Amino acid sequence: MTSDSRTGPASEQFVTRRSSLVTRHSSLVILLACFAGGCREPQGDKELVARTDRSLARGARFLVSKQLPDGAWRSEVYGGLKDGATLTPPILKAFAYLPNPDTETRAALRKGVSYLMSWIGADGRIRSDGSELPFPVYTAALASMVVDMESQDPAHERARSAWFHHLLQYRLSGSLGWKPEDSAFGGWGYAVHVPKKAGPGESPYESNLSATIFGIGALRHAGVALDDPIYREVRSFVARCQNFPEEGKDADPRFDDGGFFFTSSDPARNKAGIAGTDSLGRVRYNSYGSATADGLRALIRCGLAPDHPRVEAARRWLETHFSATSNPGRFTEDREVLRDATYYYYCWSVGHALTALGAQKTSVNWARALAESLVRQQSSNGAWANAYTDAKEDDPLVATPLAVAALAHCRWTLSGERPPSFK
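In terms of my numbering, the sequence shown has 310 at position 318, counting the first letter as 1, and numbering is strictly consecutive.
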């Protein structure tokens, strides 16, 4: 065990770089998908790929133009997003998907990475214990995935390990007093401080699918083996957020549609609202697009096979309800205003989810439809922005990296190619 045993076996691996075996395995999976027919570029998609490339280049130029002298990106719209560490990692991650990043983009990437490395103290930990971070899970997870994109020298590896170590402290695990029967056990949430289980009279913490999928991504990037117990714990939380029958019980057709909702522990945060009460007296929630895309990705990245019943059910939901122009699902009337507040986040997550399944596993031409929609929505200055403000996607520095990453996934699916740093 390492000196930090709070996070269990996975913490032993956070200093270990992904092995070449993992990389070779990923390459083999992609190669097999190509032979299965998932990597052919239809003739009619070539023109769209060219338009997508131009759109991605404009988006990258906009983001590069907004980088500040210290290497960070800070919101020009929201005071709560001016810390630098919040917006910088997702923008750098978006750069990772670009087909041909130019010299200016690569320079911006290196400068941004240097900024994230400046958060590492002499003791090898995040300075000030990360108390300055408004969104520690998102920041730490993404930072751990981007600081080593162009260099894996010892300094960059130390930075990656520091950010990853910081992320692990925020999982609602047994070491923080959480028990397997707790609805929030196993996942990550929005806690600004280390989420120890609340005592009587204290405000409780919660896990949610969005924060959890970022945590899972960091685990996979760090090379944590899929047989590590941490995935079983994380998967237990993910399963609680799926409208899927419990083992040995019949599905309730009113609710068990295979889709996902945001969290099982905080009704107010489920954007699509309450679906009703089942025969066991449990409150059930509506499935919706962004949550289902997150949930499907989480199941796959935690090791479930594409033909697992839970994965198949989530895939069917996404295919049946897929929309390129709106966050799909049945929203209650009072929640309808929230449907498209996370539109670009939905595009980002559904692009990841359907790419993970492979083209041969998808019955809808999602990549073409989504690419057409995103290219059409881009502003003349290269940015994207949402008309809705609830999730701050009206800030182009929030919406644009999400749109770029989503569009890039469409591009790679349409062309059958993969970028060098594809994760």
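Where a beta carbon is used, it is the ideal one built from N, C-alpha and C, also for glycine.
Fair warning: this is a prediction, and the values are worked out from it, not measured in the lab.
Residues near residue i in its chain [Cβ-Cβ closer than 7 Å; skip 5 each side]
{"i": "Trp376", "result": "Tyr336, Gln369, Gln370, Pro388, Ala391, Thr392, Ala395"}
{"i": "Ser282", "result": "Asn319, Thr334, Tyr337, Tyr338, Ser341"}
{"i": "Thr131", "result": "Ala77, Thr78, Pro81, Leu125"}
{"i": "Thr416", "result": "Because residue 416 is not part of the residues shown, which for the chain are -7 to 415, the question remains open."}
{"i": "Phe314", "result": "Pro320, Val356, Trp358"}
{"i": "Ala290", "result": "Leu201, Thr204, Ile205, Ile208, Val230"}
{"i": "Pro187", "result": "Tyr162, Leu164, Leu168, Gly181, Tyr197"}
{"i": "Asp270", "result": "Asp244, Phe247, Arg276"}
Supposed close pair residue i, residue j - CB separation, criterion 8 Å
{"i": "Leu159", "j": "Gly181", "result": "Not a contact, Cβ separation roughly 12 Å."}
{"i": "Phe252", "j": "Ala316", "result": "Phe252 to Ala316, Cβ: 19 Å. No contact."}
{"i": "Lys85", "j": "Leu48", "result": "Rounded, the Cβ-Cβ distance is 14 Å, inconsistent with contact."}
{"i": "Cys247", "j": "Arg276", "result": "Note on identity: in this sequence residue 247 is Phe, with Cys being the wrong assignment. With a Cβ gap of about 4 Å, Phe247 and Arg276 count as contacting."}
{"i": "Phe54", "j": "Asn373", "result": "6 Å"}
{"i": "Pro298", "j": "Leu349", "result": "6 Å"}
{"i": "Ile112", "j": "Arg150", "result": "7 Å"}
Distance between residue j and residue i (C-alpha atoms, nearest Å)
{"i": "Val216", "j": "Trp309", "result": "29 Å"}
{"i": "Gln59", "j": "Trp65", "result": "5 Å"}
{"i": "Ala154", "j": "Leu211", "result": "13 Å"}
{"i": "Gly104", "j": "Leu201", "result": "27 Å"}
{"i": "Met141", "j": "His148", "result": "9 Å"}
{"i": "Arg152", "j": "Gly268", "result": "44 Å"}
{"i": "His401", "j": "Gly51", "result": "14 Å"}
{"i": "Ser257", "j": "Pro237", "result": "18 Å"}
{"i": "Ser365", "j": "Glu385", "result": "17 Å"}
{"i": "Lys74", "j": "Lys241", "result": "49 Å"}
{"i": "Asp37", "j": "Ala363", "result": "10 Å"}
{"i": "Gly63", "j": "Ile83", "result": "11 Å"}
{"i": "Ser110", "j": "Asp145", "result": "16 Å"}
{"i": "Gly408", "j": "Tyr70", "result": "38 Å"}
{"i": "Glu225", "j": "Leu40", "result": "42 Å"}
{"i": "Gly273", "j": "Ala243", "result": "15 Å"}
{"i": "Tyr89", "j": "Ala397", "result": "6 Å"}
{"i": "Ser195", "j": "Pro259", "result": "15 Å"}
{"i": "Val428", "j": "Gly122", "result": "As displayed, the chain neither begins before -7 nor continues past 415, which places residue 428 out of reach and without an answer."}
{"i": "Arg302", "j": "Glu68", "result": "41 Å"}
{"i": "Ser120", "j": "Ala114", "result": "11 Å"}
{"i": "Trp170", "j": "Lys189", "result": "6 Å"}
{"i": "Asn262", "j": "Glu239", "result": "24 Å"}
{"i": "Asp382", "j": "Leu399", "result": "23 Å"}
{"i": "Gly191", "j": "Arg410", "result": "48 Å"}
{"i": "Gly72", "j": "Phe127", "result": "10 Å"}
Spatial neighbours of residue i in its chain, beta-carbon cut-off 8 Å, leaving aside the 5 residues before and after
{"i": "Asp45", "result": "Pro91, Asn92, Arg403"}
{"i": "Asp102", "result": "The question names Asp, yet the displayed sequence has Arg at residue 102. Closer than 8 Å at Cβ, skipping near neighbours: Glu142."}
Backbone secondary structure at residue i - three-state DSSP
{"i": "Ala267", "result": "strand"}
{"i": "Gly321", "result": "strand"}
{"i": "Phe229", "result": "helix"}
{"i": "Val275", "result": "strand"}
{"i": "Tyr280", "result": "strand"}
{"i": "Phe252", "result": "strand"}
{"i": "Arg246", "result": "coil"}
{"i": "Trp65", "result": "coil"}
{"i": "Trp170", "result": "coil"}
{"i": "Arg102", "result": "helix"}
{"i": "Gln234", "result": "strand"}
{"i": "Trp404", "result": "helix"}
{"i": "Arg360", "result": "helix"}
{"i": "Trp180", "result": "strand"}
{"i": "Arg150", "result": "helix"}
{"i": "Arg163", "result": "strand"}
Within 8 Å, strictly: CB atoms of residue i and residue j
{"i": "Val129", "j": "Gly207", "result": "yes"}
{"i": "Ala264", "j": "Thr324", "result": "yes"}
{"i": "Leu406", "j": "Arg360", "result": "yes"}
{"i": "Gly178", "j": "Ser199", "result": "yes"}
{"i": "Ala176", "j": "Tyr162", "result": "no"}
{"i": "Val56", "j": "Glu96", "result": "yes"}
{"i": "Asn235", "j": "Asp220", "result": "no"}
{"i": "Tyr380", "j": "Asp326", "result": "no"}
{"i": "Gly116", "j": "Tyr223", "result": "no"}
{"i": "Asn278", "j": "Arg232", "result": "no"}
{"i": "Ser136", "j": "His213", "result": "yes"}
Min CB distance residue i to chain B below 8 Å
{"i": "Thr324", "result": "The chain inventory of the structure shown lacks chain B, comprising one protein chain alone."}
Contact set for residue i: own chain, Cβ-Cβ below 6 Å, skip 5 residues either direction
{"i": "Thr15", "result": "In this prediction, Thr15 scores a pLDDT of 39, lower than 50, which makes its location untrustworthy; the coordinate-derived value is nonetheless stated afterwards. Nothing meets the Cβ criterion."}
{"i": "Val367", "result": "Arg43, Ser47"}
{"i": "Arg227", "result": "Cys294"}
{"i": "Ala100", "result": "Val56, Gln59"}
{"i": "His300", "result": "none"}
{"i": "Tyr280", "result": "Ala264, Gly321"}
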